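Asker:
Residue numbers (our numbering): 30 to 415.
Right under this line is the structure:
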């Protein structure tokens, strides 16, 4: 049986974890044994999906600063804490002796974790037999704007990795759009398609809404949910059934403020455990433009208004929203126009337009990942995924 060691570390948002869970589910369904090295804080609705999970001492980002890390008690990471994580990770590698090692995001992201990932990858290269080493990344990367960082990433990929699994459809967007040196690793890149949830299943009538507003984890969602709540009364869907999902990291103060501004017919939820199924029964989604949210929208088939997160540094959601607009797959509202009036106009545009045709997008990313791993371990060609 093929055995995979899958390293997953979330620092702020939890989208990476849910995408990894979907991939793990497909791997175990294909008969692949998975050990997950999980380095973030526990999150609600985390599911092992058949994997054996090894919980490392938790690490998280400090506030919104990805370059500052702290432990579960809120203390800056000490050298001893880092050493303990590194040694645990090396012990997991030795105990499991995997056929494949997968690092989620690294080396394109998670550079803060080099203190443990570089020793892990160096140890993997010394094993006999040597495991295949893969990087698992979303379709659109955060653009660094620094060629030195991109070259450093290329150096890691060329010396430590066999392939890069890009979880997107190359017909929609290719890696080079957001990673300018992609041509230097063209022989390593494999496209899986988008990683989407399983086929939506039916649910109770009280979980059926016409409009679903969601903001991922919610830490940076206040402006959008407040604007959406105010836009309702001005929109063509003013009489529809609305649900606003604030996310688990939406503050209690902001939640109370939002509740005070809501009309009585709007349902306010902190978390929907089966958001993809709820979206499948909705007429319209209003959301940010994160990977998982867009994957859920594509799988659900509903109309969409997306408002990308823009803080002057992050570029990923802006690029994804641009591509969705270019392809006619969603109506996009820029961060600068994140107002009730512009949202109401966007809702009207989305409802007036024909339903978006997303039928040509490859949404089989989780199962294709399992197929690629099986092909690699069996020595079969993976050319069809380039």
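Even for Gly, the Cβ is constructed at its ideal location relative to N, Cα and C. Keep in mind it's a predicted model, so treat the numbers as computed, not measured.
By Cβ distance, which residues of its chain are closer than 6 Å to residue 114, with the 5 residues on each side in sequence left out?
Answerer: 85, 86, 145
Asker: Quick check on residue 105: buried or exposed, where buried means 16 or more other Cβ atoms within 10 Å of its Cβ?
Answerer: For residue 105, the number of other beta carbons within 10 angstroms of its own is below 16, and it is reported as exposed.
Asker: Considering only residues of the stretch 53-101, which uninterrupted beta strand (DSSP E) runs meet the minimum length of 3 residues and lie entirely inside it, listed in chain order?
Answerer: For the beta strand (DSSP E) assignment, the uninterrupted runs of no fewer than 3 residues enclosed by the stretch 53-101 are, from N- to C-terminal side, 62-67, 81-84, 88-91, 94-100.
Asker: Measuring alpha carbon to alpha carbon, tell me which of 381, 300, 383 ends up nearest residue 236.
Answerer: 300
Asker: Determine the direct distance from the alpha carbon of residue 35 to that of residue 126, and round the result to whole angstroms.
Answerer: Cα to Cα, the separation comes out at about 12 Å.
Asker: Could you check if residue 305 belongs to the surroundings of the ligand PLP, using beta carbon to heavy atom distance under 7 Å?
Answerer: No copy of the ligand PLP occurs in the structure displayed, which carries no ligand at all.
Asker: Are the CB atoms of residue 273 and residue 257 nearer to each other than 8 Å?
Answerer: yes
Asker: Taking contact to mean at least 3 C-beta pairs separated by less than 8 Å, is the stretch 207-215 in contact with the stretch 163-182?
Answerer: yes
Asker: Fully enclosed by the stretch 104-187, which beta strand (DSSP E) runs are 3 residues long or longer?
Answerer: 129-133, 161-167
Asker: Take the Cβ of residue 159 as the centre, count every other Cβ of all protein chains shown within 10 Å, and call the residue buried at 16 or more, exposed below.
Answerer: exposed
Asker: Check whether the stretch 183-196 and the stretch 351-368 touch, using three or more Cβ-Cβ pairs below 8 Å as the test.
Answerer: no
Asker: Considering only the alpha carbon of each residue, which of 224, 90, 402 lies closest to residue 141?
Answerer: 90
Asker: Taking only the alpha-carbon atoms, compute the straight-line gap between residue 424 and residue 202 and give it to the nearest angstrom.
Answerer: Only positions 30 to 415 of the chain appear in the structure, and residue 424 is not among them; the question remains open.
Asker: When you compare the CB of residue 387 with every CB in chain C, is at least one pair closer than 8 Å?
Answerer: The structure shown contains no chain C, having only a single protein chain.
Asker: Is the beta carbon of residue 173 less than 8 Å from the beta carbon of residue 136?
Answerer: no
Asker: Checking 8 Å against the spacing of the C-beta atoms, do residue 103 and residue 88 come in under that value?
Answerer: Taking 8 Å as the cut-off, the Cβ atoms of residue 103 and residue 88 do not count as close.
Asker: Would you tell me roughly how many angstroms separate the C-alpha atoms of residue 41 and residue 50, rounded to the nearest one?
Answerer: 17 Å
Asker: Determine whether the beta carbon atoms of residue 225 and residue 303 lie at a separation below 8 Å.
Answerer: no
Asker: If you draw a straight line from the alpha carbon of residue 283 to that of residue 275, how long is it in whole angstroms?
Answerer: 10 Å
Asker: Could you tell me the distance, in whole angstroms, from the CA atom of residue 373 to the CA atom of residue 266?
Answerer: 9 Å
Asker: Since I believe residue 165 is in contact with residue 132 (beta carbons under 8 Å), could you give me their beta-carbon distance rounded to a whole number of angstroms?
Answerer: 7 Å
Asker: For the alpha helix (DSSP H) containing residue 448, name the first residue and the last one.
Answerer: Examination of residue 448 is not possible in this model, given that the chain is present from 30 through 415 alone.
Asker: For residue 337, tell me which candidate among 329, 221, 315, 327 has the shortest Cα-Cα distance.
Answerer: 315
Asker: From the DSSP output, which residues share a beta bridge with residue 393?
Answerer: 224
Asker: Quick one, are the C-beta atoms of residue 392 and residue 327 less than 8 Å apart?
Answerer: yes
Asker: Go ahead and label residue 346 buried or exposed: buried means 16 or more other beta carbons lie within 10 angstroms of its beta carbon, across all protein chains shown.
Answerer: Around the beta carbon of residue 346, 16 or more other beta carbons sit within 10 angstroms, so the residue counts as buried.
Asker: Using the three-state DSSP reduction, which class does residue 196 fall into: helix, strand or coil?
Answerer: strand
Asker: Taking only the alpha-carbon atoms, compute the straight-line gap between residue 406 and residue 379 and give it to the nearest angstrom.
Answerer: Between residue 406 and residue 379, the C-alpha separation is close to 45 Å.
Asker: Between which residues of its own chain and residue 399 is the CB-CB distance below 6 Å, once the five residues before and five after are set aside?
Answerer: 55, 56, 59
Asker: Could you pull the start and end residues of the beta strand (DSSP E) that residue 353 belongs to?
Answerer: Where residue 353 is concerned, there is no enclosing beta strand (DSSP E), although the alpha helix (DSSP H) it sits in stretches over 345-355.
Asker: If you draw a straight line from the alpha carbon of residue 109 to that of residue 396, how long is it in whole angstroms?
Answerer: 39 Å
Asker: Going by DSSP, which residues form a beta bridge with residue 272?
Answerer: 241, 296
Asker: Since residue 317 is in the beta strand (DSSP E), which residue starts that stretch and which ends it?
Answerer: First-last for residue 317: undefined, no H or E at that position.
Asker: Helix, strand or coil, according to DSSP, for residue 278 in the structure here?
Answerer: Under the three-state reduction of DSSP, residue 278 is assigned to coil, being neither helix nor strand.
Asker: Measuring only the C-alpha atoms, how far is residue 214 from residue 381?
Answerer: 43 Å
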